[in-house]
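First comes the structure, then the notes that go with it.
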Amino acid sequence: MKRSGPGEVSSYWYGTGVDEQAAASVLQALRTYRAAEMDLRRRTRTSMRMTDNEMLVIGLATRRARSGQELQPRDVALALGLTPASVTGLLDKLERSGHIERLPHPTDRRRQRILPTRLADVDVRATLGSVHEGMMSVARSLSSSQAAVISTFLQQMTEAVTAHAQEIDPPSEPSAA
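The sequence shown begins at 14 in our numbering and counts up by one.
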């Protein structure tokens with residue numbers, strides 16, 4: 014197999030035609046971006062002293078609250094593929110740290126609502142505000158047609174990866190352990 018230098022793409026998976034090399038270059042750029050994003054996530058977790066799941070719950074709670082949707086423990090279990098017991102421990106830790114609050118549901122006393130706190134917003138903005146602004150600056154620099162092409166491409170890539178992931182390991186409901 015031919016070794017690849019900077020800017021070259023290995024022919025292990027790809028053909029040598031111009032179109033194949035262009036497509037391979039796009040996939041390499043995605044891998045490079047994904048590696049940078051994973052490094053950012055790791056550094057963010059370290060800085061905020063949180064696990065991936067804790068960060069995901071804060072993000073989920075924030076998005077749901079902003080859109081006026083309710084977040085319940087079962088939603089967290091489904092989103093993260095966790096058991097109810099694991100969700101309880103996760104929410105307990107986030108509540109102790111002051112990042113979420115659990116409130117009784119107004120009409121069903123068996124249910125809880127999970128809401129992000131002001132501290133969650135402050136911590137996330139302090140940690141990720143500048144990187145988010147940098148990313149938005151890059152996205153804003155695109156023309157509307159460029160943004161549409163990229164959005165469609167990324168949606169289709171997500172569908173391709175998700176379909177394959179489900180072939181490997183079909184999703185299942187978390188157990189009621």
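Quick reminder that beta carbons are idealized off the backbone N, C-alpha and C, glycines included.
CA-CA distance, threonine 130 to alanine 173, rounds to 36 Å. For aspartate 121, the number of other beta carbons within 10 angstroms of its own is below 16, and it is reported as exposed. Nearest to arginine 87 by alpha-carbon distance, out of Arg54, Arg47, Gln125 and Leu53, is Gln125. Annotation for threonine 75: Pro129, Ala133, Asp134 and Val137 place their beta carbon closer than 8 Å to its own, counting only its chain and skipping 5 residues before and after. As computed with DSSP, proline 117 is found in a beta bridge with Gln125. Following the DSSP letters along the chain, one finds proline 183 in no alpha helix (DSSP H), marked with neither H nor E. A Cβ-Cβ distance of about 6 Å is found for the pair leucine 84 and leucine 73, placing them in contact under the 8 Å criterion.
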